[in-house]
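**Student:**
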Amino acid sequence: MKDVATGSRLLAGAERKNKVVHARFSASELTRIERAAERAGLTVSAFMRSLSLEGAGVRPFFTAEDRVLLGALWKDLRAVGVNLNQLARAANRRHSRFDEERAVLDDVQRAMAALVYEIGFFADRGARLRKGRR
Numbered sequence: 000m001k002d003v004a005t006g007s008r009l010l011a012g013a014e015r016k017n018k019v020v021h022a023r024f025s026a027s028e029l030t031r032i033e034r035a036a037e038r039a040g041l042t043v044s045a046f047m048r049s050l051s052l053e054g055a056g057v058r059p060f061f062t063a064e065d066r067v068l069l070g071a072l073w074k075d076l077r078a079v080g081v082n083l084n085q086l087a088r089a090a091n092r093r094h095s096r097f098d099e100e101r102a103v104l105d106d107v108q109r110a111m112a113a114l115v116y117e118i119g120f121f122a123d124r125g126a127r128l129r130k131g132r133r
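Take the sequence shown: its letter number 28 is residue 27 in numbering that gives the first Met the number 0, and every next letter is one higher.
(1) Taking the runs of the alpha helix (DSSP H) that are 4 residues or longer, which of them lie wholly in the segment 60-94?
(2) If I follow the unbroken alpha helix (DSSP H) through Leu29, where does it start and stop?
(3) Just to check my reading of the structure: Leu83 and Val115 have Cβ atoms closer than 8 angstroms, yes? What is that Cβ distance to the nearest angstrom?
(4) Just to confirm, are Val67 and Ala110 a CB contact at a threshold of 8 angstroms?
(5) Report buried or exposed for Ser49, applying the criterion of at least 16 other Cβ atoms within 10 angstroms of its Cβ.
(6) Mind checking whether Thr42 and Ala36 have CB atoms under 8 angstroms apart?
(7) For Leu76, I'd like the list of residues in its chain whose CB is within less than 6 angstroms of its CB, leaving aside the five on either flank, ordered along the chain.
(8) Taking only the alpha-carbon atoms, compute the straight-line gap between Phe97 and Ile118 and give it to the nearest angstrom.
(9) Please state the DSSP three-state secondary structure of Ala22.
(10) CA-CA distance, Lys16 and Ala113?
(11) Rounding to the nearest angstrom, what Cα-Cα distance links Thr30 and Arg101 in this structure?
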């Protein structure tokens, strides 16, 4: 299907975008926006529309599955934090237990690696969704 006015193709089910919103940016802000849009593989208009809808909660950034996963990570990190506090107290009292400390530090490393991976996934996913990919 083609848009009669512009001759450009419309995607099936796509709503024609005929409303315009004006916003003011400094030259440096606009440059940063243009660069970010280019990195995302989008026009400035598509980039701003995507960010605006996500920011307004119209199109949420996190899915229900994302929230469950982040909740589990949060719970794990809190538990690791409790263990770190216990280690710090033991170290301050000079009652060090190397095997226990090593196990807690291994847990911290695993939890942090999982968190970094998931945050990276969400950052990349935002760009993928803006490009129309999952």
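Even for Gly, the Cβ is constructed at its ideal location relative to N, Cα and C.
For clarity, every value in this text was computed on a predicted model and none was experimentally measured.
**Tutor:** Inspection of the coordinates gives the following:
(1) 63-91
(2) Translated into positions along the sequence shown, residue 29 becomes position 30. Run containing Leu29: Ala26 to Ala39, per the alpha helix (DSSP H) assignment.
(3) On the sequence shown, residue 83 is found 84 positions in, with the first residue counted as 1. On the sequence shown, residue 115 is found 116 positions in, with the first residue counted as 1. Going by Cβ atoms, the distance from Leu83 to Val115 rounds to 17 angstroms, so no, they are not a contact pair.
(4) For the purposes of this step, residue 67 is identified with residue 68 of the sequence shown, where counting begins at 1. For the purposes of this step, residue 110 is identified with residue 111 of the sequence shown, where counting begins at 1. No; because the gap between Cβ atoms is not below 8 angstroms, this pair is not in contact.
(5) Position 50 of the sequence shown, counted from the start, is the residue given in the question as residue 49. So Ser49 counts as buried.
(6) For the purposes of this step, residue 42 is identified with residue 43 of the sequence shown, where counting begins at 1. For the purposes of this step, residue 36 is identified with residue 37 of the sequence shown, where counting begins at 1. Result yes, Cβ atoms of Thr42 and Ala36 sit closer than 8 angstroms.
(7) As a working note, residue 76 is residue 77 in the sequence shown. Cβ neighbours of Leu76 beyond the five flanking positions: Ala110.
(8) As a first step, residue 97 must be located in the sequence shown, where it is residue number 98. As a first step, residue 118 must be located in the sequence shown, where it is residue number 119. Phe97 and Ile118 have their C-alpha atoms roughly 31 angstroms apart.
(9) The count along the sequence shown starts at 1 and reaches residue 22 at position 23. Residue state, collapsed to three classes: coil.
(10) On the sequence shown, residue 16 is found 17 positions in, with the first residue counted as 1. On the sequence shown, residue 113 is found 114 positions in, with the first residue counted as 1. So the alpha carbons of these two residues sit roughly 40 angstroms apart.
(11) Within the sequence shown, the letter at position 31 stands for residue 30. Within the sequence shown, the letter at position 102 stands for residue 101. Looking at the two C-alpha atoms, the distance is approximately 48 angstroms.
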